[in-house]
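Taking it in order: structure first as structure tokens, then the write-up.
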Amino acid sequence: MEKNESTKESNTFFEQEFKLLSDAQSFLNNSENGEDPKDKLKTLVDSYESLLKQSSKIMKIGDSTQHRLLKTQEELTNSNIMLEAAYMDLKLVTEVGRIITSSLEPKVIIQSVYQNTKSMVPMDILAFGIYDEEKKEIKYKFCVIDGRYTPAPSVDSLEEDNPSSYCIKHGQELISQDVEKDFPQYLAEIRKHFGENTQSASYFPLKVEERFIGVLTVHSYVKNAFQPNQLNILRTLANYVAIGVDNADAYRTLSKRNKELKDSLEKIEELNKNIEEERQKSENLLLNILPRSIADRLKGGEGVIADYFPSSTVLFADIVGFSKLTTKIKTPTRLVEILNRIFTEFDVIADKYKLEKIKTIGDCYMLAGGIPVPTADHADKAAEAALDMIRRLEELKPELEFDFNVRIGLHTGEVVAGVIGKNKFVYDLWGDSVNTASRMESHGSTGRIHVSEAVYLSLKDKYSFEDRSIIEVKGKGPMHTYFLLDKK
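Taking full-length UniProt numbering, the leading residue of the sequence shown gets 1, the next gets one more, and so forth.
Right, dumping it as structure tokens:
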């Protein structure tokens, strides 16, 4: 408004000045107009004097306006400098916040806050305490004093009156520019934790989603250390520290749970491994007793298993004179070792020809072909196994140190095979064919393979036989039997 008035007065002044000049020229040009020159000159002088006063007034107004303009310009410049400084502070605080919230170590967090903000905020001491809800206390484990990281294992009980409990109970910050004057009741507690030099102190509660995380505190060795903008920076940093500490705590908890889970998984894997080993042992033991197909059926829930086979070849092998030889063997252990050595070789032969070992009875060994999976060549395989048994036992004599011999009987016919009972069950055979094969063995000769006519008729085109003609077989009557010699 003053600027407009000044401009208006300036315009009027120039108009008056121009009019005065015109009057003076007109007076000088028309000296004969009859006017008194003295009066006219006086009038011009008065007008000029008035004009000078107006000019002085306008100059004063202009000086005042210019002064105000310069002052305003200075204030704007200062504001721009402050805004630029505030922007740089905000940028730095934001970067510090990024570092804090991305860190997972409280020690790194406290050092980052100090290193990056000491130029903005006076801080001789920087520390934060972690809230222990169970123990109702703030544990100050992390602290920077005079630029050095210092573990500070001090504790503020929330059940006592101290700066930390004030922050947590009231949920608000505590700011003091002169601790001795503002909070004399806290002075001893503060200096006990952080030394004798604290003059200004600020405490900020750390919260995340209404959950207390802890307390951030900054101390200065001078009074009136914290300006309003610096306190705003500290408030912002407190928010970042709360998030960073909470993230670090969540990471530690997650890491601990992951380790516990890993340990549990390792234990489970070890248990599963042990269970699998035990299962495999049980499986192997079961397969040593039963054919796989029969074991699978038992595990599948079948109770009594009995299968009819219209054609199977049964073999009995008996160690001749074994009872008499036992009197010559010094120890029972050696006796069992010898018998085990012979029958182990017989097991290998049975596996070789895919025959099923049924059982051993004392010094007698029994196997069968064509069960539990029917095959067309079971008689051939049983014959080959019998011949191998004779040969292998002959090879073992030097090793065994005794003259062991075997007597073998074979018969082909129908059988029933299966498992009965619940305790110590075995896969066994029943039927007349089993009895006949047993009779072939008992009525045979040492070191020879005695077979029924059924076996002879099945194999006569492939093997050589010695006709034994008709003999009387106990429990069977007269039977035409043969000795198996070898493959043609």
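Beta carbons are placed, not taken as given, at the ideal position from N, Cα and C, and that holds for glycine.
Counted within 10 angstroms of its Cβ, other Cβ atoms place residue i as buried (16 or more) or exposed
i    : result
D467 : exposed
I190 : buried
P205 : buried
F402 : exposed
G477 : exposed
T326 : exposed
R334 : exposed
Y308 : exposed
R257 : exposed
P106 : buried
R448 : buried
H378 : buried
S312 : buried
T446 : exposed
S458 : buried
T412 : buried
L484 : buried
N284 : exposed
V406 : buried
H193 : buried
R439 : buried
V336 : exposed
N162 : buried
Residue i versus residue j: straight-line alpha-carbon distance, rounded
i           : j    : result
E414        : I371 : 11 Å
A86         : T117 : Per-residue confidence for A86 stands at a pLDDT of 48, beneath the threshold of 50, marking its modelled position as unreliable; no derived number is given.
I268        : Q111 : 42 Å
E2          : R68  : Residue placement at E2 is poorly supported in this model, since its pLDDT is 47, which falls under 50; the coordinates are not used for a value here.
T198        : L265 : 52 Å
residue 495 : K299 : Absent from the model: residue 495. The displayed extent of the chain is 1 to 488, so no value can be given.
N239        : N274 : 52 Å
E394        : I420 : 37 Å
D380        : V304 : 31 Å
N272        : P310 : 44 Å
E196        : Y186 : 13 Å
T253        : E270 : 25 Å
Under 8 Å between C-beta atoms of residue i and residue j
i           : j    : result
G409        : A306 : no
L387        : R341 : no
D124        : D146 : yes
I130        : S164 : no
Y456        : D486 : no
residue 490 : I329 : As shown, the chain starts at 1 and ends at 488. That puts residue 490 outside it, with no answer to give.
K223        : S200 : yes
G431        : V416 : yes
F343        : A437 : no
V426        : I289 : yes
L429        : A350 : no
L234        : V245 : no
F128        : L231 : no
V208        : I168 : no
S282        : V373 : no
beta-carbon residue i near the ligand ADP non-hydrogen atom, thresh 7 Å
i    : result
E394 : You won't find the ligand ADP in this model; it holds no ligand whatsoever.
Candidates the options, of which the one nearest residue i by Cα
i    : options                   : result
F212 : T43, L158 and K381        : L158
F404 : T412, I390 and H411       : I390
I358 : T327, V434 and E160       : V434
V314 : E276, L335, K324 and A385 : A385
V108 : K352, A248, K136 and L400 : A248
C364 : S323, V348 and T43        : S323
Q115 : E134, L459 and Y149       : Y149
Y482 : K488, N423 and G444       : G444
G321 : K460, S442, K488 and E133 : S442
E173 : G195, K460 and G214       : G214
G471 : H193, L400, E453 and E345 : First, the amino acid is wrong: residue 471 is Ile here, not Gly. Of the listed residues, the one whose Cα sits closest to I471 is E453.
E399 : G195, R439, M479 and E345 : E345
Q227 : T43, S469, M120 and R407  : M120
Close Cβ partners of residue i (< 8 Å) along its chain, the five nearest in sequence each way excluded
i    : result
P151 : K141, F142 and C143
E210 : none
R360 : According to the sequence displayed, residue 360 carries Thr and not Arg. For T360, where only same-chain residues beyond five positions count, the Cβ hits under 8 Å are F343 and M366.
K136 : S157, L158 and E159
Own chain partners of residue i with C-beta closer than 6 Å, once the 5 adjacent residues on each side are dropped
i    : result
P122 : S220 and A225
G475 : none
S176 : D182, F183 and A201
L286 : A295
M479 : V473
is_contact[residue i, chain D] using C-beta, thresh 8 Å
i    : result
V348 : No chain D is present in this structure, which holds just one protein chain.
Beta-carbon contacts of residue i that lie in its chain and below 7 Å, excluding the five residues immediately before and after
i    : result
A382 : T313, L315, L355, G369 and L410
K262 : none
D347 : K357
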